[in-house]
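In the working numbering, the protein residues as written are 12 to 845.
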């Protein structure tokens with residue numbers, strides 16, 4: 012369940028008219044509407060002035076009822092009939108904490124309830140941000156179990172909120188991980204049945220991506236609930252949103268202002284909140300919107316304290332903002348199960364005192380081994396519904412890879428290729444190795460599953476289910492499956508082709524296909540599947556086989572169908588075949604391919620030595636990747652170390668055993684994939700458009716966006732107009748200032764982040780103006796770009812795949828090192844705003 016700010020672009024570019032409007036869009040024009048309502052109220056007959064009790068907030072209704080009851084009680088004593096006098100309201104300092112009679116009054120009389128002091132103080136006191144080595148999970152679990160038992164049994168949402176608050180209070184990734192580790196340990200030992208729901212909620216999801224279960228909540232539902240539960244009007248809600256720019260922060264402020272309520276809220280449970288979200292997502296048909304609205308209102312009513320309200324609303328708008336991305340959660344799960352296990356579980360855990368005695372490097376190795384197992388299992392089987400129960404039963408052991416491994420109709424996360432600057436860079440990296448060059452087609456990556464019964468599933472690179480989008484591929488499977496094939500998982504590129512000539516067509520043509528309910532007879536855009544890998548065959552995973560073996564099985568056991576199913580065009584070569592590789596690259600770009608993919612063929616190197624007897628220079632891991640100890644050669648010469656690039660299929664890893672050489676990278680400069688987040692009114696000829704436009708990189712740890720540059724170069728007038736139409740003022744694509752975008756300036760308009768633009772540039776510079784990658788290369792300055800130029804919209808990428816601040820810092824260091832070696836001065840610091 013992706014956040015609105017990071018909502019994944021659907022493969023067929025589904026019309027934006029189908030999207031739920033963001034909460035910010037409901038504040039447009041609210042002030043004028045409120046004024047009209049006020050004017051109408053002044054002209055309304057007196058008998059309609061008393062609002063219906065059902066429309067009153069809890070506090071207003073309680074005051075009204077209390078005043079009536081006070082008047083009834085006072086009447087027999089005074090013996091005076093004063094129907095026109097104003098009844099005295101209940102005292103504002105009432106500290107009644109439940110529905111009960113006021114002292115001295117008749118039994119059954121209700122009173123206003125104070126909403127202060129309702130927080131779960133036991134949960135709020137747990138120091139989750141301690142180091143796991145010192146955190147006493149058993150002690151806190153025991154205290155919490157007693158606390159929960161007194162309130163109903165299951166772990167309360169307050170405990171999860173406590174973890175969210177602590178994680179949100181720091182930018183340290185170590186602290187965020189420690190907080191999640193200790194929180195998970197408290198649940199594992201105190202209420203293991205709530206661990207799964209907590210993991211889904213902490214990752215801002217309710218199901219794996221291939222299930223496509225969405226909440227389907229628009230801004231209207233949430234704004235209505237905020238107004239009804241917290242007694243806000245439209246103007247008050249708009250004022251809060253304009254001030255804070257985050258729906259969760261609006262709920263926080265509104266809850267703080269709510270001094271009284273008619274009923275004491277029941278404690279929210281972690282499992283209860285998750286089940287409520289599932290009910291919202293599964294509500295379909297007539298009356299579903301009303302049902303969803305009631306669930307949202309009930310969640311807000313039962314929230315105890317302002318922080319619970321904040322995170323309930325952030326969960327509903329799908330933008331949790333605690334920095335717990337997928338990798339962070341997998342690391343936290345691995346470490347938590349090293350220290351803790353449920354009562355009665357038989358797997359071994361590491362004694363805390365033994366872990367405390369380890370050296371820093373030894374502790375890091377223990378953590379790393381556990382993390383690799385959990386990450387590998389999730390990459391092969393990305394579903395917490397299966398992963399978490401396996402962890403609760405067997406812990407972090409090799410058994411996890413068996414019990415929660417590759418499975419038909421559950422997509423594995425695809426292996427990714429590293430970027431190279433040009434062909435010479437690629438040849439240097441793969442010196443002395445046999446490799447295959449393949450055309451990199453301009454299409455959509457697809458993972459095709461088929462079981463023994465003939466059931467077929469097709470998944471995208473984002474693991475979305477595309478089976479309904481490609482019924483022509485599904486019908487093709489019986490023709491391509493050879494006699495010896497019963498079940499398989501293969502991977503390829505779906506490309507739009509002209510069925511008459513066989514010519515390849517652009518990716519934009521492919522996006523014209525509908526996504527669902529596609530009838531084969533109505534298909535106008537024909538496709539061909541160019542297969543390039545085989546990961547599973549006849550019940551056996553092939554991930555540990557070499558690429559040469561996997562490719563041989565693919566080509567020998569499957570049947571080509573002209574213009575519908577074939578293999579990617581390829582060339583086997585070595586670094587000595589530079590002329591042949593260059594010709595192959597040119598032939599790929601000539602037929603409008605993006606470039607080529609280069610893949611190591613075998614695990615065993617022909618030689619670990621260069622012709623002169625020395626080792627090749629070590630190959631640095633891709634940015635954000637740790638060196639893989641399993642893939643490192645121990646051969647050394649002169650202190651050097653060479654990385655042995657394996658040809659196995661490594662799900663969810665970006666390794667240099669697969670390299671991308673794209674025509675856009677064949678120039679001397681890099682390109683970046685940036686996110687447009689804001690704009691200014693243009694001047695002169697561009698006055699009617701947005702120019703310049705502010706662009707940002709993605710912070711992979713916090714999930715936030717960091718401004719990196721303004722751009723006003725490379726745009727055509729046609730693009731300017733289309734961009735102004737897309738981000739028209741008053742449209743859902745224009746939002747109030749978002750709190751998740753880091754920028755010190757004040758643009759004229761803020762965009763809802765939803766696109767990725769490919770940008771060229773001259774140099775990366777240190778900048779006092781832009782916060783991108785601040786703290787990674789300088790504590791005081793971020794990074795910016797000199798002479799940025801727009802190249803194109805990356806319609807094949809979601810904003811989750813935009814350039815990260817880590818990668819930007821990596822390129823800056825690389826640029827600085829190159830300048831130092833060549834004796835050039837470093838790029839000048841960017842002291843201006845441009």
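Every residue, glycine too, gets a C-beta built ideally from N, C-alpha and C.
Item	Value
Residue 723 to residue 730 span [Cα, whole Å]	12 Å
Length of the line joining the Cα atoms of residue 595 and residue 437	14 Å
Residues of its chain near residue 674, where Cβ-Cβ distance is below 6 Å and the 5 sequence neighbours each way are ignored	600 and 606
Beta-carbon proximity check, residue 448 vs residue 581, cutoff 8 Å	yes
Inter-residue spacing [alpha-carbon to alpha-carbon] between residue 689 and residue 232	27 Å
Residue 744 in three-state terms, based on DSSP	coil
Length of the line joining the Cα atoms of residue 800 and residue 725	5 Å
Range covered by the beta strand (DSSP E) that runs through residue 581	581-584
Between the CA atoms of residue 664 and residue 741 - distance to the nearest angstrom	41 Å
Assigned secondary structure, residue 230 (DSSP; H/G/I helix, E/B strand, else coil)	helix
Option nearest residue 256 by Cα separation, candidates 720, 328, 210 and 267	328
Cβ neighbour criterion (16 or more within 10 Å) applied to residue 798	exposed
Sequence-distant residues of the same chain with beta carbon closer than 8 Å to residue 792, five excluded per side	777, 778, 779, 785 and 840
Cβ neighbours of residue 363 in the same chain (closer than 7 Å, five flanking residues each side left out)	144 and 350
Pair within 8 Å by beta-carbon distance, residue 192 and residue 198	no
Outcome for residue 299 when other beta-carbon atoms lying within 10 angstroms are tallied against a minimum of 16	exposed
Neighbour-count burial assignment, residue 829, 16 or more Cβ in a 10 Å radius	exposed
Of the listed residues 539, 771, 710 and 319, nearest to residue 456 (C-alpha basis)	539
Distance, residue 313 Cα to residue 569 Cα	58 Å
Beta-carbon separation (whole angstroms), residue 315 vs residue 479, contact threshold 8 Å	Actually they are not in contact, since the Cβ atoms of residue 315 and residue 479 sit about 43 Å apart, beyond 8 Å.
Beta-bridge pairing of residue 793 - partner residues as DSSP gives them	778
Anticipated Cβ contact below 8 Å, residue 284 with residue 441, distance rounded	Incorrect: roughly 50 Å between the Cβ atoms, too far for contact.
Run of the beta strand (DSSP E) containing residue 255, from where it starts to where it stops	Per DSSP, residue 255 belongs to no beta strand (DSSP E); it is in the alpha helix (DSSP H), 245-255.
Simplified DSSP assignment, three categories, for residue 480	coil
At least 3 beta-carbon pairs within less than 8 Å: the segment 386-403 vs the segment 214-229	yes
Of the listed residues 302, 159, 516 and 671, nearest to residue 535 (C-alpha basis)	516
Segment contact, 8 Å Cβ cut-off, at least three pairs: the segment 507-524 with the segment 804-813	yes
For residue 690: DSSP bridge partner residues	704 and 760
Residue burial classification, residue 452 (beta-carbon count within 10 angstroms, cutoff 16)	buried
Bounding residues of the alpha helix (DSSP H) (the contiguous stretch that carries residue 450)	No alpha helix (DSSP H) holds residue 450; the beta strand (DSSP E) holding it covers 446-451.
Whole-angstrom distance between residue 428 and residue 768, CA atom to CA atom	20 Å
Cα-Cα separation between residue 819 and residue 310, rounded to whole angstroms	41 Å
Reduced DSSP category for residue 626 - H, G, I as helix; E, B as strand; rest coil	Unreliable positioning characterises residue 626 in this predicted model, as indicated by a pLDDT of 38, which lies under 50. The coordinate reading is nonetheless provided below. Correct three-state label for residue 626: coil.
Complete runs of the alpha helix (DSSP H) confined to the segment 318-370 [at least 4 residues]	337-350 and 363-368
DSSP state of residue 423 mapped onto helix, strand, coil	coil
Segment limits, alpha helix (DSSP H) that includes residue 3	Absent from the structure is residue 3, since the part of the chain shown begins at 12 and ends at 845.
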